[in-house]
Amino acid sequence: MPPGDAVPAPKEQPNIILFLVDDMGWQDTSLPFWTQRTKYNDTYHTPNMERMATQGKMFTQAYACSISSPTRVSLFTGMNAARHRVTSWTLRKNTTHEQPDSVMIYPEWNVNGICQEPGVERTTQVTSLAEVLKDHGYHTIHCGKAHFGAEGTPGADPLKMGFEVNIAGHAAGSPASYYGKENFGNKTDGKSPLAAVPGLEKYHGTDTFLSEALTIEAMKALDDAQQTDKPFFLYMAHYAIHTPIQPDMRFYQKYLDKGLPPVEAAYATLIEGMDKSLGDIMDYLDKNNLTENTILIFMSDNGGLAAHTRAGQLHVQNYPLNSGKGSAYEGGIREPMIVRWPGIVTPQTQCDHYLMIEDFFPTILEMAGVDNYTTVQQRDGISFMPLLTGKGKMKDRDIYWHYPNSWGPSGPGIGATCSIRSGEWKLVYYFGDGRRELFNIPADISEKHDMAREKPEVVKELSRKLSNYLRSVDAQRPLLRATRQPAPWPDEI
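Numbered continuously in my numbering, the sequence shown closes out at residue 496.
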């Protein structure tokens with residue numbers, strides 16, 4: 004296993020909690036991240052996100068990949084998805100979920116995810132963020148969803164990814180059930196589905212909701228961590244609010260009384276249960292005198308679900324953003340993010356500078372005071388520490404998305420695409436038909452006005468930048484069935 008370079012831990016390293024929510028959209032909160040309140044801010048109830056924001060800094064342009072595995076891999080490796088090639092969601096070993104397409108043949112990608120061991124087929128060998136932190140004095144705890152590697156591969160086990168404690172993490176990216184009374188999907192005959200949540204047997208047959216069980220176990224792990232002489236890194240990775248959209252009965256009636264359709268009321272309860280978890284952890288830190296020396300980071304892994312399962316009109320659930328999970332549009336990639344760091348981050352502030360999910364890797368290590376480390380992989384992320392401290396400037400840069408795959412559902416911006424954000428401009432390129440769309444994001448956050456014809460010089464420049472980056476990391480691309488040749492890069496159109 005390729006560790007980082009172990010060095011003595013500096014004094015007073017902060018504890019770090021990374022609270023990652025699954026499939027939570029930019030508008031799935033009562034805390035507005037836009038300049039205006041929306042109906043969604045008035046629908047959902049997240050008082051603990053509001054509480055955290057009064058004590059920390061909100062980031063209004065925090066970006067991730069449009070689906071789960073690519074985001075989680077980028078977060079824990081510092082690599083862009085185009086470089087690590089885990090460009091879609093992983094589950095079964097050596098198996099892709101993609102269905103044949105009439106226009107394209109999708110490229111080979113690393114369907115087995117990442118791992119820290121060499122020579123594992125169709126994986127990217129890496130040194131994980133948790134491994135580097137562990138080697139530099141941290142006690143590392145994983146709680147909840149992992150989704151780093153396919154079933155039966157080393158990366159499916161958080162204990163082989165640098166974590167010393169694993170609570171309920173495995174290969175699957177969604178729970179078979181949120182209900183303890185349903186054993187979280189585990190069957191008594193031994194024929195459990197792959198999505199059955201492991202390791203929470205004490206809650207089987209009880210009324211305990213999954214988000215609550217994870218929170219209780221996380222706090223027990225923090226109790227144990229305090230018995231060590233090490234700072235802790237807790238990766239609190241909720242399965243919520245991923246499907247299945249099952250109501251958390253602690254909150255369900257309240258949303259039915261608001262007049263929400265049952266599926267939307269259930270969705271709202273998943274959000275509120277996640278928020279209660281956040282509040283419980285904040286309360287735990289207060290009661291144990293840990294708040295002042297603990298950094299708390301809140302983030303989602305991709306946009307909110309809008310292409311299926313939801314009630315009413317689809318693709319509008321992240322308004323004012325267009326589309327949702329799986330889309331190259333803002334609704335699929337812009338995330339709610341908050342950082343609380345007492346004594347460093349000015350409370351009740353907001354940052355509108357954009358950043359990308361792979362930036363978390365170097366930033367968290369800098370937070371931890373770790374500056375002398377090596378990794379197997381070449382990294383893309385840039386520390387956003389200047390945005391936290393207010394000291395110095397984070398240089399302007401371009402950020403990239405690469406999804407040469409098929410997620411499954413259809414909708415606006417969903418499909419085999421690559422994209423670039425460069426200042427105010429964003430270019431989206433579709434591999435299947437060579438279409439290029441250009442949006443001025445500050446002026447058109449809903450991406451309704453394609454300016455490609457009006458600004459051909461901007462299209463040309465962004466196409467060049469995007470193509471050069473993708474070529475530089477040897478990114479894969481689909482083949483066109485008509486020619487049996489690779490789809491052109493954006494600058495070849």
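Glycine is no exception: its CB is placed at the ideal position from the N, C-alpha and C atoms. Here the structure is a predicted model, which is why all the values come from computation and not from measurement.
| task | Compare the beta carbon distance of G437 and G418 with 8 Å and say whether it is the shorter of the two. | result | It is not a contact, given that the beta carbons lie outside the stated cut-off.
| request: Give the range of the beta strand (DSSP E) segment to which L430 is assigned. | output: Per DSSP, L430 is one residue of the beta strand (DSSP E) stretching across 428 to 433.
| said: Suppose contacts are defined by Cβ-Cβ distances below 8 Å. Is Y182 in contact with M222 by that definition? | reply: A distance of 8 Å or more separates the beta carbons of Y182 and M222.
| Would the beta-carbon of L281 fall within 8 Å of that of A271? | In this structure, A271 does not lie closer than 8 Å to L281 by Cβ.
| task | Identify the continuous beta strand (DSSP E) that holds M370 and give its terminal residues. | result | Per DSSP, M370 lies in no beta strand (DSSP E) segment; the continuous alpha helix (DSSP H) that holds it begins and ends at 363 to 370.
| field | Identified DSSP bridge partners for I108 | value | As DSSP reads the structure, I108 sits in a beta bridge with L482.
| Closest Cα partner of N115 within the set M107, L225, F36, H173 | Considering only alpha carbons, the answer is H173.
| field | Option in E134, K257, E185, G411 with minimal Cα separation from V379 | value | Distance check between V379 and each of E134, K257, E185, G411 places E134 closest, using alpha-carbon atoms only.
| Backbone CA spacing between L107 and I244 [nearest angstrom] | Checking the sequence shown, residue 107 turns out to be Met, not Leu. Whole-angstrom Cα-Cα distance: 32 Å.
| said: For the segment 115 to 129 against the segment 137 to 148, do three or more pairs of beta-carbon atoms, one drawn from each stretch, fall closer than 8 Å, so that the two count as touching? | reply: The segment 115 to 129 makes no contact with the segment 137 to 148; the number of CB pairs closer than 8 Å stays below 3.
| Under three-state DSSP, which class holds S280? | Three-state result, S280: helix.
| request: Counting only runs of 4+ residues fully inside the segment 54 to 91, write out the alpha helix (DSSP H) ranges in chain order. | output: For the segment 54 to 91, the full-length alpha helix (DSSP H) segments reaching 4 residues or more read 71 to 80, 84 to 87 along the chain.
| message | Judging by CA-CA distance, which residue of P323, M61, M285 is the nearest neighbour of L34? | response | Per the Cα distances, M61.
| field | Distance between N291 and V168 (C-alpha atoms, nearest Å) | value | Going by the C-alpha atoms only, they are around 21 Å apart.
| query | Given 8 Å as the limit, is there contact between the segment 203 to 214 and the segment 234 to 254, that is, 3 or more CB pairs closer than that? | reply | The segment 234 to 254 and the segment 203 to 214 touch, with three or more beta-carbon pairs separated by less than 8 Å.
| Anticipated Cβ contact below 8 Å, E338 with A85, distance rounded | Contact flag wrong, Cβ pair sits at about 19 Å.
| Exposed unless 16 or more other CB atoms sit within 10 angstroms - verdict on K148 | Buried.
| field | Of the residues M340, V373, A268, T349, the one placed nearest Y357, counting alpha carbons only | value | That would be M340, whose Cα lies nearest to the Cα of Y357.
| said: In the DSSP assignment, the alpha helix (DSSP H) including L213 goes from what residue to what residue? | reply: Judged by DSSP secondary structure, L213 falls within the alpha helix (DSSP H) whose first and last residues are 213 to 228.
| query | K261 to G307, Cα distance in whole Å? | reply | One C-alpha to the other measures close to 21 Å.
| For H48, which residues from the same chain have a beta carbon less than 6 Å from its beta carbon, with the 5 sequence-adjacent residues on both sides left out? | Here the set comprises S33, E275.
| said: Please report the distance separating the alpha-carbon of P50 from that of D355. | reply: When rounded, the distance between both Cα atoms is 22 Å.
| message | Would the segment 124 to 131 count as touching the segment 69 to 87 if we require 3 or more Cβ pairs under 8 Å? | response | Short answer: they touch.
| message | Cutting at 8 Å between CB atoms, please list the residues of its own chain near K233, excluding the five before and the five after it. | response | Shown here for K233: same chain residues with a beta carbon closer than 8 Å to its own, the five before and five after excluded, namely A12, G140, Y141, H142 in chain order.
| Just curious, the beta strand (DSSP E) that A240 is in, first and last residue? | Start and end: 235 to 240.
| Taking the alpha helix (DSSP H) that G334 falls in, what are its first and last residues? | Residues 333 to 336.
| Assuming W29 contacts L324 under a Cβ cut-off of 8 Å, what Cβ separation, rounded to an integer in Å, is found between them? | With a Cβ gap of about 6 Å, W29 and L324 count as contacting.
| In this structure, does DSSP put E457 in helix, strand or coil? | Of the three classes helix, strand and coil, the one that applies to E457 here is coil, per DSSP.
| Cβ-based burial, V120 [other Cβ within 10 Å; buried from 16] | Per the sequence presented here, residue 120 reads as Glu, with Val not at that position. Burial check for E120: the Cβ neighbour count within 10 Å stays below 16, so the residue is exposed.
| Residue interval of the alpha helix (DSSP H) (run including M388) | Unbroken alpha helix (DSSP H) run through M388: 388 to 392.
| task | With DSSP as the reference, please indicate the residues paired to V348 in a beta bridge. | result | Secondary-structure assignment with DSSP links V348 through no beta bridge to anything.
| said: What ranges does the beta strand (DSSP E) occupy inside the segment 289 to 326, keeping only unbroken runs of at least 3 residues that lie completely in it? | reply: Inside the segment 289 to 326, DSSP marks whole beta strand (DSSP E) runs of 3 or more residues at positions 297 to 303, from first to last along the chain.
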